[in-house]
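Undergrad:
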Ligand SMILES: C[C@@H](O)[C@H](N)C(=O)O
Ligand SMILES: C[C@@H](O)[C@H](N)C(=O)O
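Chains as they are written, first to last, in the working numbering: chain A, 1 to 161; chain B, 162 to 322.
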């Protein structure tokens, strides 16, 4: 079935925190996220890619208001578990396309990435799910990226938030 | 509102392909995914984390049957765009929890990671969306991981596929 792209979602209240070089052994992701949960920090997107030489980076996004508290919690943990640096960036935003069957239709992601490329917008992070393809972009580009995706998918002015 | 974890989804028909060291400039993600779309390769999860020294790894998952074709398409592209190695791994599976409000409730991800940690299951990749937290684990662990998450979230024997 062809994906029905229903809308473009965007959000500028995004900060990404990255813990570099987390050892790829059971329990370390839990070690990072349990204290954040205990302090009621609301985590949005979590990303871990393939490890290399036994470690991998783990990133997560929070609201800009929570960034400092999250970094203060995670820095000592990273040291404790022998991970690398913790970095934080609030100059980000999220933009993405939303719709049923997005993931199972070849070409949707390529069209979204192509549209952003043509607009000269750099993709700073990617995550997907059955109904969404989400890109992190520079905060200053979020509006431009959202408009670009609207045009690329022939959507009207309304957008899913 | 408290997340309602409705079920545990799992899938062993997963292969992950990783393109290392993709330059972090507009257009390169499109360069990787357009040929895959042109050949009708169905991409499931796409993951890009924070770049380091101007490059970042991009991973994506396909069905095991599509892995070889996807690698054959992506290897020459990676060379063309000056990226690093392309690696592929079919010994993987996906397991995750599904439910409304999962992402917006602190502690759900930590509980999932904690349960897998306690069971000694290593998390090989993470992606999240509003309604899902998905972990890549070794294929041999998928059943064990699914049972572990069922127990951790007090679910009955049914599961969302
Ligand atoms: C890196 C981290 O995810 C680790 N593999 C774990 O299971 O906790
Ligand atoms: C790495 C890749 O995503 C690149 N930043 C792009 O926009 O295509």
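In this text, a Cβ means the ideal position worked out from N, Cα and C, and glycines have one as well. Since the structure is predicted, the reported quantities are computational estimates derived from the model, not experimental observations.
#1: Beta-carbon within less than 7 angstroms of residue 300(B)'s beta-carbon, same chain only, minus the 5 sequence neighbours each way: which residues are those?
#2: Would you call the stretch 257–265 of chain B and the stretch 288–295 of chain B in contact, with 3 or more CB pairs under 8 angstroms?
#3: Quick one: measure Cβ to Cβ for residue 379(B) and residue 302(B), integer angstroms, because I've assumed they're closer than 8 angstroms.
#4: Where does residue 39(A) fall in DSSP's three states?
#5: Cβ of residue 63(A) less than 8 angstroms from any chain B Cβ?
#6: For the alpha helix (DSSP H) that contains residue 72(A), what are its first and last residues?
#7: Buried or exposed for residue 233(B), going by 16 or more other Cβ atoms inside 10 Å?
#8: May I ask you to list, following chain order, the residues of the stretch 275–298 of chain B that have a beta carbon less than 9 angstroms from some beta carbon of chain A?
#9: Let me know the secondary structure DSSP gives residue 276(B) once reduced to three states.
#10: Answer yes or no: does any C-beta atom of chain B fall closer than 8 angstroms to that of residue 50(A)?
#11: Using a Cβ-Cβ cutoff of less than 8 angstroms, which residues in the same chain neighbour residue 159(A) once the five nearest sequence positions on both sides are dropped?
#12: Using a Cβ-Cβ cut-off of less than 7 angstroms, give me the residues of the stretch 172–184 of chain B that come near chain A, in sequence order.
#13: Note down, in chain order, every chain A residue with its Cβ under 7 angstroms from the Cβ of residue 218(B).
#14: Any idea if residue 40(A) is buried or exposed, counting beta-carbon neighbours within 10 angstroms, 16 or more meaning buried?
#15: Cutting at 6 angstroms between CB atoms, please list the residues of its own chain near residue 218(B), excluding the five before and the five after it.
#16: So with CB distances below 7 angstroms, who are the chain B contacts of residue 25(A)?
#17: Between the alpha carbons of residue 29(A) and residue 42(A), how many angstroms are there, rounded?
#18: Alpha carbon to alpha carbon, what distance is there between residue 313(B) and residue 244(B)?
#19: Let me check understanding here. Comparing Cα to Cα, which of 89(A), 154(A) and 74(A) lies closest to residue 124(A)?
#20: Does DSSP put residue 50(A) in a helix, a strand or coil?
#21: If we ignore side chains and look at the alpha-carbon of each, how far apart do residue 220(A) and residue 199(B) end up?
#22: Between the C-alpha atoms of residue 55(A) and residue 272(B), what's the straight-line distance to the nearest angstrom?
#23: Is residue 169(B) close to chain A? Criterion is C-beta to C-beta, closer than 8 angstroms.
#24: Any beta-carbon of chain A closer than 8 angstroms to the one on residue 237(B)?
#25: Which of helix, strand or coil does DSSP assign to residue 161(A)?
#26: If distances are taken between C-alpha atoms only, which option among 267(B), 304(B), 183(B) and 316(B) comes closest to residue 241(B)?
#27: Please classify residue 192(B) as buried or exposed, where buried requires at least 16 neighbouring CB atoms within 10 angstroms.
#28: Within 8 angstroms of any Cβ in chain A, is that where the Cβ of residue 305(B) sits?
TA: In this structure, then:
#1: Cβ within range, chain order: 173, 252, 253 and 254.
#2: Segments in contact, yes.
#3: Nothing can be reported for residue 379(B): it is not among the residues displayed for chain B, which extend from 162 to 322.
#4: Three-state result, residue 39(A): coil.
#5: Not flagged as an interface residue toward chain B: residue 63(A), since no C-beta distance is shorter than 8 angstroms.
#6: Per DSSP, residue 72(A) belongs to the alpha helix (DSSP H) from 67–80.
#7: The residue is exposed, with fewer than 16 neighbouring Cβ atoms inside 10 Å.
#8: Of all residues in the stretch 275–298 of chain B, 275, 276, 277, 278, 279, 280, 281, 282, 283, 284, 285, 286, 287, 288, 289, 290, 291, 292, 293, 294, 295, 296 and 297 have a Cβ within less than 9 angstroms of some Cβ in chain A.
#9: It is helical.
#10: Under the Cβ criterion of 8 angstroms, residue 50(A) is counted among the residues facing chain B.
#11: Only weak support is given to the placement of residue 159(A): the predicted model assigns it a pLDDT of 46, under 50, and the value that follows is read from those uncertain coordinates. Closer than 8 angstroms at Cβ, skipping near neighbours: 7, 8, 9, 10, 146 and 150.
#12: Of all residues in the stretch 172–184 of chain B, those with a C-beta nearer than 7 angstroms to a C-beta of chain A are 177 and 179, reading in chain order.
#13: Residues of chain A with a Cβ closer than 7 angstroms to the Cβ of residue 218(B) are, in chain order, 49 and 50.
#14: Taking every protein chain shown into account, the CB of residue 40(A) has fewer than 16 other CB atoms within 10 angstroms, so this residue is exposed.
#15: Taken in chain order, the residues that qualify are 179 and 181.
#16: Result: 283.
#17: Their Cα atoms are separated by approximately 16 angstroms.
#18: Cα to Cα, the separation comes out at about 41 angstroms.
#19: Looking only at 89(A), 154(A) and 74(A), the smallest Cα-Cα distance to residue 124(A) is reached by 89(A).
#20: Look at residue 50(A) here: in three-state DSSP terms it is coil, with no helix or strand label.
#21: Nothing about residue 220(A) can be read from this structure; chain A reaches only from 1 to 161.
#22: Each residue's alpha carbon lies about 22 angstroms from the other.
#23: It does not; no Cβ of chain A falls within 8 angstroms.
#24: No, its Cβ sits nowhere closer than 8 angstroms to a Cβ of chain A.
#25: Model confidence at residue 161(A) stands at a pLDDT of 45, short of 50, so the residue's coordinates are unreliable and nothing is read from them.
#26: Here the closest residue by C-alpha is 183(B).
#27: Looking at its Cβ environment, which holds 16 or more other Cβ atoms inside 10 Å, residue 192(B) is buried.
#28: Taking Cβ atoms only, chain A never reaches closer than 8 angstroms to residue 305(B), which makes this a no.
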